[in-house]
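Trainee: Position in the sequence shown (from 1) plus 30 gives the number in my numbering.
Beta carbons: idealized from backbone N, C-alpha and C, even for Gly.
Note that the coordinates shown come from a computational prediction; the quantities given were computed from them, not determined experimentally.
Below: one structure in structure tokens.
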Amino acid sequence: MQDLRETLDPAKLRLYAPMLNLSGIHLDALLDAAAQVCADPALLSQVEAHRFATFETDTPWDRTLPAGAPSLYPALVLLAQLPALRQFYRERGISDDVLADTLHDFGLWIAHAYNHGQGHTLGEFNWLTHHFSGKLFRLGRLQFVAVKGHTPAWMYRSRQTGRLVLLAPEGAQYKPSGWAQDTFRVHEENVWTAHLRQDGCQVTGYPLLHDGRADSQPVTLDLEDYQLLYQPGDLVLDMHIPTGMPLDLEACRASLRRAPAFYSHHFPELHPTAFQCESWLLGPCLEEMLPPESNIVRFGRLFARATAPGRNDGQFWERIFDFTPVTPETAPRDTYLRRAFLDRLSAGLPICTSCGLIPLDGPSPA
Ligand SMILES: CC(C)(COP(=O)(O)OP(=O)(O)OC[C@H]1O[C@@H](n2cnc3c(N)ncnc32)[C@H](O)[C@@H]1OP(=O)(O)O)[C@@H](O)C(=O)NCCC(=O)NCCS
């Protein structure tokens, strides 16, 4: 318990504050919470028990606070993992700069909750366990986690021309329009089923179009020319886009160049095959809503997209209105995107998130 007391010591926390992106009233609130917990041996051992469950047995915690715990208790559970995380970074030879860039989200989400009238708390505990377990790294503009890919497509690239082709997975179901079953919260009866067959040196399947919809006309690829780059279940670098700065395309491209080198240097045992992203930012409708030169549209064009079952407009609401509950009547119309989104909704046009893939050696040149 002495170690934990040292980790939560005010002088130590002040030292870590810049790395955790904490200052002012948020740092003061964290110091108060730490002092309260350190003064109560029962709470202190609860912090250690929750840290152990979260990071060493991977047991989800329902985040019910122990009796008498301060509202920032979940933040202290994460901080209790900091010594082990720093040790992990040292063992892997990962710099403190990457640690600080990665942990920037910690202070950001504390401030976010506070600015949304929730007081000093940490609603994004589960998300931040990725950062504190050494699974997620921020490398420049983008964050990455190595995971098994779930993007529903097989990605091939022509050795001769560099052309990318995505084929629908065997058994995937699509509406007549080509969108995956259950997209837009609408279940259709008259779906068609895709097949993917490899026969010697050829593969025959249903290609995915630029916006991710499946084409009902099959194509055959010659495998002497087309190389398989990704299939579902392959290890991929899953991308996340932190808030807080514009989605500058050059900064994104720099992150995409940096990530494979980072993983092969620090995690040589991992062999990712592609980048993957699932986000509202890849929603094909954004191309109809925003100017072609906008950051979001240019970012989306880096990807080969795939439609996935059950996708809808939920994440658009969260991200465009910053997690504030609004209705079409009350939603603010103060940015171009907010106006375009609300206009599209009132016109009854479809909106859904999308999955996308990028080859590990980078997107095709612009
Ligand atoms: C990703 C992000 C940085 C893009 O912002 P950007 O670089 O300004 O994007 P664009 O230049 O394409 O923006 C075009 C227009 O849409 C607006 N816009 C962009 N993202 C917006 C958002 N999340 N909410 C409201 N308006 C937004 C911009 O302000 C701009 O309108 P304006 O000209 O009236 O100011 C921003 O959306 C963001 O911070 N999102 C939160 C993080 C996120 O969504 N991550 C992905 C989770 S899956």
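Using the C-alpha atoms, what's the distance from His296 back to Pro302?
Mentor: Taking the straight line from one Cα to the other gives about 13 angstroms.
Trainee: Using only the heavy atoms of ligand 1, determine whether one of them is closer than 8 angstroms to the beta carbon of Ile326.
Mentor: The answer is yes for Ile326.
Trainee: Taking only heavy atoms of ligand 1 into account, decide whether any of them is closer than 8 angstroms to the Cβ of Ile381.
Mentor: No, the beta carbon of Ile381 sits no closer than 8 angstroms to any heavy atom of ligand 1.
Trainee: List, from N- to C-terminal side, the alpha helix (DSSP H) runs of 4 residues or more that fit wholly inside the stretch 330-393.
Mentor: Here the runs fully enclosed are 344-350 and 366-376.
Trainee: Ligand 1 heavy atoms versus the CB of Leu367: any closer than 8 angstroms?
Mentor: Yes, the Cβ of Leu367 comes within 8 angstroms of a heavy atom of ligand 1.
Trainee: Under DSSP, the beta strand (DSSP E) around Met185 begins and ends at which residues?
Mentor: Element bounds for Met185: Trp184 to Ser188.
Trainee: Measuring CA to CA, which of Glu86, Lys165 and Leu279 is closest to Asn325?
Mentor: Among Glu86, Lys165 and Leu279, the Cα nearest to that of Asn325 is on Leu279.
Trainee: Taking Ile140 and His270 to be in contact with their CB atoms under 8 angstroms, please state how far apart those CB atoms are, rounded to whole angstroms.
Mentor: Contact doesn't hold; Cβ gap of about 18 angstroms is too wide.
Trainee: Tell me whether Tyr204 is buried or exposed, calling it buried when 16 or more other Cβ atoms sit within 10 Å of its Cβ.
Mentor: Buried: at least 16 other Cβ atoms inside 10 Å.
Trainee: Taking Asp33 as the reference, which of Arg81, Asp88 and Ala110 has the closest Cα?
Mentor: The shortest Cα separation from Asp33 among Arg81, Asp88 and Ala110 belongs to Ala110.
Trainee: Candidates Gly98, Met49, His80 and Tyr236: which alpha carbon is nearest Leu251's?
Mentor: If we check each option's Cα against that of Leu251, Tyr236 comes out closest.
Trainee: Using the beta-carbon count (16 or more within 10 Å), is Thr337 buried or exposed?
Mentor: With 16 or more Cβ atoms within 10 Å of its Cβ, Thr337 is classed as buried.
Trainee: Could you check which residue in Asp255, Gly340 and Gly392 has the C-alpha nearest to that of Ala291?
Mentor: Cα-wise, what sits closest to Ala291 is Gly392.
Trainee: I need the boundaries of the beta strand (DSSP E) containing Phe167, first residue and last residue.
Mentor: That run of the beta strand (DSSP E) goes Leu166 to Leu169.
Trainee: Among Ala370, Ser188, Leu166 and Ile350, whose alpha-carbon lies nearest the alpha-carbon of Leu129?
Mentor: When only C-alpha atoms are compared, the closest one is Leu166.
Trainee: Just to confirm my understanding: we take Leu102, look at its own chain, exclude 5 residues before and 5 after, and list those with CB closer than 7 angstroms. What are they?
Mentor: Excluding residues within five positions, the ones whose Cβ falls inside 7 angstroms are Ala59, Leu60, Ala63, His150, Thr151 and Leu152.
Trainee: Mind checking whether the beta-carbon of Phe174 lies closer than 8 angstroms to any heavy atom of ligand 1?
Mentor: Not under cutoff, so the answer is no.
Trainee: Indicate whether Gly249 and Val175 have their beta-carbon atoms separated by less than 9 angstroms.
Mentor: Per the sequence presented here, residue 249 reads as Val, with Gly not at that position. Not closer than 9 angstroms, so no.
Trainee: Do Leu253 and Asp245 come within 9 angstroms of each other at the CB atom, strictly closer than that value?
Mentor: No, the pair does not count as a contact, with Cβ atoms beyond the cut-off.
Trainee: Between Leu133 and chain C, is there a C-beta pair that is closer than 9 angstroms?
Mentor: You won't find chain C in this structure, because it holds only one protein chain.
Trainee: Is it true that the CB of Thr181 sits closer than 9 angstroms to the CB of Leu108?
Mentor: Not closer than 9 angstroms, so no.
Trainee: Between Gln148 and Thr354, what straight-line distance do the alpha-carbon atoms span, to the nearest angstrom?
Mentor: Roughly 12 angstroms separates the two Cα atoms.
Trainee: Less than 9 angstroms separating the beta-carbons of Ala183 and Leu45?
Mentor: Not closer than 9 angstroms, so no.
Trainee: Under a Cβ-count criterion, where at least 16 other Cβ atoms within 10 Å of its own Cβ denotes burial, should Asp131 be classed as buried or exposed?
Mentor: With 16 or more Cβ atoms within 10 Å of its Cβ, Asp131 is classed as buried.
Trainee: Could you tell me which of Pro96, Arg335, Thr87 and Ala105 sits nearest to Ala47, measuring between CA atoms?
Mentor: Checked all of Pro96, Arg335, Thr87 and Ala105; the closest Cα to Ala47 is Ala105.
Trainee: Alpha carbon to alpha carbon, how far is Pro90 from Gly170? Give it in angstroms, no decimals.
Mentor: Going by the C-alpha atoms only, they are around 30 angstroms apart.
Trainee: When DSSP labels each residue in this structure, what does Phe297 get in the three-state scheme?
Mentor: Coil.
Trainee: In three-state terms, what does DSSP make of Tyr144?
Mentor: The answer is helix: DSSP assigns Tyr144 an H, G or I state.
Trainee: How should Met275 be labelled, buried or exposed, when 16 other C-beta atoms within 10 angstroms of its C-beta is the threshold for buried?
Mentor: The residue in question, Met275, is exposed, as its Cβ has fewer than 16 Cβ neighbours within 10 Å.
Trainee: If I follow the unbroken alpha helix (DSSP H) through His56, where does it start and stop?
Mentor: Gly54 to Cys68 is the span of the alpha helix (DSSP H), which, as asked, contains His56.
Trainee: Compute the beta-carbon to beta-carbon distance between Pro339 and Thr223, rounded to the nearest angstrom, for a pair I have assumed lies under 8 angstroms.
Mentor: With a Cβ gap of about 13 angstroms, Pro339 and Thr223 do not count as contacting.
Trainee: Using a Cβ-Cβ cutoff of less than 8 angstroms, which residues in the same chain neighbour Arg369 once the five nearest sequence positions on both sides are dropped?
Mentor: Closer than 8 angstroms at Cβ, skipping near neighbours: Arg363.
Trainee: Given this structure, state the Cα-to-Cα distance separating Arg193 from Gly263, to the nearest angstrom.
Mentor: Looking at the two C-alpha atoms, the distance is approximately 23 angstroms.
Trainee: Comparing alpha-carbon positions, which option in Phe85, Gln76 and Asp88 lies nearest Thr94?
Mentor: When each option's Cα is compared against that of Thr94, the closest is Gln76.
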